[in-house]
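Encoded as structure tokens, the structure appears first; notes follow it.
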Amino acid sequence: MQIEHIGVVKCQQRFRYEAPRQGSIAPANEALIVLKDDKSFTEALNGLSEFEYIWVIYEFHLNQTWHPLVRPPSDDVGKLGVFATRSPHRPNRIGMSCVRLAEITKITLRIEKHDLLDGTPVLDIKPYIPYADSFPNASAGWVDRREEIEYKLSIDCLAARQMEWVKENAGWDLKNFLLIQLRTEPDNGVRKRIKHIKENSYVISYRTWRIEYQIDFEDCLVNILCVSTGYESSAFNFVSDDVFNDKEIHKLFVKKYPFN
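Note that the numbering used here gives residue 154 to position 154 of the sequence shown, counting from 1, and the numbers run on in steps of one.
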């Protein structure tokens, strides 16, 4: 059997750490599925707009290897067989996500609450049918046994301005990243690029950016304080040594928001 891609995903999320574990718990995000320019696909979409949710079958295009044993996103569970998890490291690199269908325009589908990445090849699309696809009382193995606390995020005015500046000038959506990474286990420095500073203060890294925050464990609240550059001030003396090609952007950021 030969499988061909029928389209591709277009969205802001480009890196694995920008995607939520499941689309159903994603923040308010959007993506486009652009199908191949083929009259047959236009006809194939007939009737799909009547469904609120759809299944998207796709390829984990960033993965080149697979692992028979993987560690699920829970510190309470050891390694499990990959077939007992939703891990992307699978023998055939095939994934499936249930997403909300917002709109169809010609051969473009606008979807919401997704866990896909920009450039993801799409293999197939199917309607989500509640009576056939939903089993709310079904046992779910290790998922039923895990204890997961969900945290709410609050963003200080300074941090909000800084994140907006980064989005406008560097193109990085730090707010979306934080909503995904700090929603659960905001102090987990093993699975995430998190550094404990003091008491309840932490810093999480997003590429060459750093975001400082505090955790109120009693009220399950994460307070985002500020954004800073990940470069030392001396690094700007060596602009030629610019691995990520972003030092000029950081220099502009530091000019507007100087080092403390």
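Glycine included, C-beta positions come from ideal geometry on N, C-alpha and C.
Checklist entry - From this set, Val99, Ser87, Trp209 and Val243, which residue's C-alpha is nearest Phe51's C-alpha? => result It is Val99.
Checklist entry - Are the beta-carbon atoms belonging to Leu123 and Glu59 less than 8 Å from one another? => result One thing to note: Leu123 has its Cβ within 8 Å of the Cβ of Glu59.
Checklist entry - Secondary structure at Ser302, three-state DSSP: helix, strand or coil? => result Because the chain here runs from 1 to 260, residue 302 falls outside it and cannot be looked at.
Item to check | Sub-8 Å separation of Ile194 and Tyr206 beta-carbons | outcome: For Ile194 and Tyr206, no; Cβs fall outside 8 Å.
Next on the checklist: Would you call the region 55–72 in contact with the region 125–132, where contact means no fewer than 3 C-beta pairs closer than 8 Å?
Outcome noted: Enough Cβ pairs lie closer than 8 Å, so yes.
Checklist entry - Sorted by chain position, which residues of the same chain lie with C-beta nearer than 8 Å to Asn169's C-beta, five sequence neighbours on each side aside? => result Taken in chain order, the residues that qualify are Ile249, Leu252 and Phe253.
Next on the checklist: Judging by CA-CA distance, which residue of Asp133, Val222, Leu174 and Ile3 is the nearest neighbour of Arg93?
Outcome noted: Ranking the options by Cα distance to Arg93, first place goes to Ile3.
Item to check | Whole beta strand (DSSP E) elements within the region 113–162, 3-residue minimum | outcome: Runs found: 121–127 and 152–155.
Next on the checklist: With distance defined between alpha-carbon atoms, name the residue in Gly78, Arg183, Arg191 and Gly230 nearest to Cys220.
Outcome noted: The candidate whose alpha carbon is nearest that of Cys220 is Arg183.
Next on the checklist: Pop quiz: Pro91 and Asn63 are said to be a contact at Cβ under 8 Å. What is the actual Cβ separation, rounded to whole angstroms?
Outcome noted: With 8 Å as the limit, Pro91 and Asn63 do not qualify as a contact, their Cβ atoms being about 11 Å apart.
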